[in-house]
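Enquirer: Using the numbering used here, the letters of the sequence shown correspond one by one to residues 207 to 344.
All residues carry an ideal CB built from backbone N, CA and C; glycine is no exception.
Have a look at the structure that comes next, please.
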Amino acid sequence: MLRRGFLKVIAWTLGGAGGAIADEPMRAGYTAHMTRAFEMKRRAVASGDQPYGAVVVKHGRIVGEGPSRVIVKRDWTAHAEREALRDAQRRLGAADLAGCVLVSTSRPCAACERAAFEARIERMIHGEGLTDAGAPRG
């Protein structure tokens, strides 16, 4: 299980848009969450949608998840990240997702990053390499 103390150890690359997660226990914790995000990606593809998936994690536990539903819903805002944010807000009964981490199969687009910022997401982690994109920007 991921412990909060591990969240302090993040490696940043100079001149880049973030860096890889350095602490191995933390990497192991987010690897499991990324696996679930990739399951959401497979679910999206199986339903005929775009190949993206995301989950929202709070205190090491998935509290929201979403496959891309842009094509299925015919809604350009139904990106995997927003679907995961909406699911987390519904499950937690609050619009404020402070203390949560957004884990997605690829770097969120600017609109999804803005949505994460508005929801007060703490960090964004994306891709198989668990790239830490840092806090969302508004």
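Of all the options A301, V262, K279, which has the alpha carbon lying nearest to the alpha carbon of T418?
Expert: The question about residue 418 has no answer, for the chain in this structure spans 207 to 344.
Enquirer: Please report how far the alpha carbon of G333 lies from the alpha carbon of R280, in whole angstroms.
Expert: Computed Cα separation, rounded: 25 Å.
Enquirer: With DSSP collapsed to three states, give me the class of A317.
Expert: Helix, per DSSP.
Enquirer: With respect to the alpha helix (DSSP H) encompassing R288, which residues constitute its N-terminal and C-terminal limits?
Expert: Where R288 is concerned, the enclosing alpha helix (DSSP H) stretches over 286-298.
Enquirer: In the DSSP assignment, find the unbroken alpha helix (DSSP H) run with I277 in it and report its ends.
Expert: Residues 276-279.
Enquirer: Going by C-alpha to C-alpha distance, which of V251, A317, A294, A325 sits closest to P273?
Expert: Taking only the C-alpha atoms, the option nearest P273 is V251.
Enquirer: Which residues bound the beta strand (DSSP E) around D338?
Expert: D338 -> beta strand (DSSP E) spans 337-340.
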